[in-house]
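With positions in the sequence shown counted from 1, the corresponding number in my numbering is that position plus 2.
Where is the CB? At the ideal position from N, CA and C, for every residue including glycine.
First up is the structure itself, then whatever we jot down about it.
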Amino acid sequence: MMKKVQNSPESLVQDELEGYVKLHRDKIRLLPDTTCVVRAVPKEKGKVKLVMGNGAGHEPAVIGWVGEGMFDMNVVGDVFTAPSGEKILKGLQAIDDGSPILLIVQNHAGDVLNAGQAFRKAKKQGMNIRQVIFYDDIASAPRDAVEERRGIGGMFFYTKIVGAMAEAGATLEECAAMFERVRDCTRTYAAAFSSCTNPVNGVKMFEYLEGTNQIELGMGVHGEGGGENQIEMPSASVLAERMARALLEDKPYQKGDRLLVDINGAGSTTCMEMNIFYNELGKFLTAEGFPVVGAVAGNFLTTQELAGISLSFCSVDEEMLRLWQAPCRSGILTR
3 MMKKVQNSPE SLVQDELEGY VKLHRDKIRL LPDTTCVVRA VPKEKGKVKL VMGNGAGHEP
63 AVIGWVGEGM FDMNVVGDVF TAPSGEKILK GLQAIDDGSP ILLIVQNHAG DVLNAGQAFR
123 KAKKQGMNIR QVIFYDDIAS APRDAVEERR GIGGMFFYTK IVGAMAEAGA TLEECAAMFE
183 RVRDCTRTYA AAFSSCTNPV NGVKMFEYLE GTNQIELGMG VHGEGGGENQ IEMPSASVLA
243 ERMARALLED KPYQKGDRLL VDINGAGSTT CMEMNIFYNE LGKFLTAEGF PVVGAVAGNF
303 LTTQELAGIS LSFCSVDEEM LRLWQAPCRS GILTR
């Protein structure tokens with residue numbers, strides 16, 4: 003039986019959004035009669051606004067990433083379902099004051115299709131808008147086909163870096179160019195340990211790891227396989243090295259590259275596990291000659307109670323590092 007704290011499947015998303023906004027009312031608000039979360043204090047008119055649509059069920063992504071120095075709006079769809087083009091368009095219309103808009107899209111079929119529809123209609127209506135697509139999952143397509151890769155945990159880097167740039171008053175073209183720089187410097191690799199449950203219908207996303215000591219390397223944001231082999235659960239040191247080597251070799255990163263590191267729990271991964279994983283990762287990167295200049299660990303992009311971990315690297319220059327370290331105020335990160 004499914005045990006979830008909820009009133010009904012029909013009100014699940016709306017109830018959650020209202021609760022989250024109340025928890026962070028000094029940072030965000032919910033646009034009336036919508037599932038659009040926006041900044042409590044809007045940017046000054048003329049500054050680039052960052053907007054993204056995504057399905058519910060991955061919280062705190064992306065509602066927790068809205069705030070000063072990060073996203074200006076998140077358009078939320080149904081559970082595990084991209085918001086419709088019409089819903090995204092209505093969100094864009096609600097915040098349109100003539101300021102430029104950067105519409106950011108994760109590279110998943112539904113997200114790309116629906117966001118593209120909204121983008122084209124927004125352009126016809128005269129909005130100053132540009133669309134960019136993010137992809138970072140090395141398990142989902144080979145290196146010579148990076149544009150076919152899925153977008154997963156590494157999007158935290160562009161949210162923070164491009165968000166800081168927009169907050170400082172950069173142009174739309176400058177923000178789009180920085181987005182592409184961050185994307186091209188980012189790689190993510192993930193592993194699933196056990197499944198999640200769809201909170202609407204109680205169906206498990208997959209069963210093949212249940213009752214075993216195996217994990218799946220290369221999982222997607224819903225725990226779906228990435229064409230990698232299932233392996234026996236290794237020690238933290240072996241897992242950290244295997245995942246890190248895969249990332250370092252894929253770009254490939256060069257010794258001496260300064261790295262940002264994002265260790266993302268998939269929903270039920272504990273703080274203890276992530277701390278142990280980062281401890282082993284740090285030892286490995288130091289030995290290999292890769293200085294870590296910034297790191298975060300936590301459940302940032304989740305899939306309900308999915309057990310697993312994703313590891314993201316982004317190599318940065320001085321400008322990118324400065325933007326990464328810039329102040330922000332959101333539900334998930336305030337500095």
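So, residue i versus residue j, is the Cβ gap smaller than 7 angstroms?
i	j	result
residue 295	residue 323	yes
residue 77	residue 55	yes
residue 190	residue 317	no
residue 309	residue 282	no
residue 66	residue 141	no
residue 4	residue 199	yes
residue 340	residue 139	Outside the displayed span of the chain (3 to 337) sits residue 340, for which this structure offers no information.
residue 118	residue 137	no
With 16 as the cutoff for other CB atoms within 10 Å, does residue i come out buried or exposed?
i	result
residue 247	exposed
residue 266	buried
residue 108	buried
residue 305	buried
residue 264	buried
residue 325	buried
residue 12	exposed
residue 258	exposed
residue 124	buried
residue 298	buried
residue 62	buried
residue 320	exposed
residue 202	buried
residue 25	exposed
residue 268	buried
residue 2	Since the first residue of the chain shown is 3 and the last is 337, residue 2 is not available in this structure.
residue 237	exposed
With distances taken Cα to Cα, identify the nearest neighbour of residue i among the options.
i	options	result
residue 332	238, 313, 74, 202	74
residue 235	250, 213, 10	213
residue 51	29, 104, 83	104
residue 171	70, 66, 301	70
residue 148	122, 174, 134, 185	185
residue 287	244, 303, 319	244
residue 176	202, 134, 146, 157	134
residue 204	53, 59, 44	59
residue 53	300, 91, 223, 209	91
Item to complete: Kindly confirm or deny that the region 37 to 48 and the region 122 to 138 touch, where touching means at least three C-beta pairs closer than 8 angstroms.
Response: no
Worksheet item: Are the region 269 to 279 and the region 251 to 258 touching by the rule of at least three beta carbon pairs closer than 8 angstroms?
Response: no
Practice prompt. Decide yes or no for the touch test of the region 194 to 202 against the region 173 to 186: beta carbon pairs closer than 8 angstroms, at least 3 of them.
Written response: no
Worksheet item: Which residue spans inside the region 148 to 193 form an unbroken alpha helix (DSSP H) run of at least 4?
Response: 157 to 169, 174 to 186
Worksheet item: Would the region 109 to 120 and the region 163 to 170 be scored as touching if the rule is three or more Cβ pairs under 8 angstroms?
Response: no
Fill in: Cβ pair count under 8 angstroms reaching 3, the region 92 to 99 against the region 15 to 30
no
Discussion item. For a minimum of 4 consecutive residues, which ranges assigned as the alpha helix (DSSP H) are wholly contained in the region 217 to 276?
Written reply: 238 to 252
Worksheet item: What are the start and end residues of each continuous alpha helix (DSSP H) run of 4 or more residues lying completely inside the region 11 to 40, in chain order?
Response: 14 to 25
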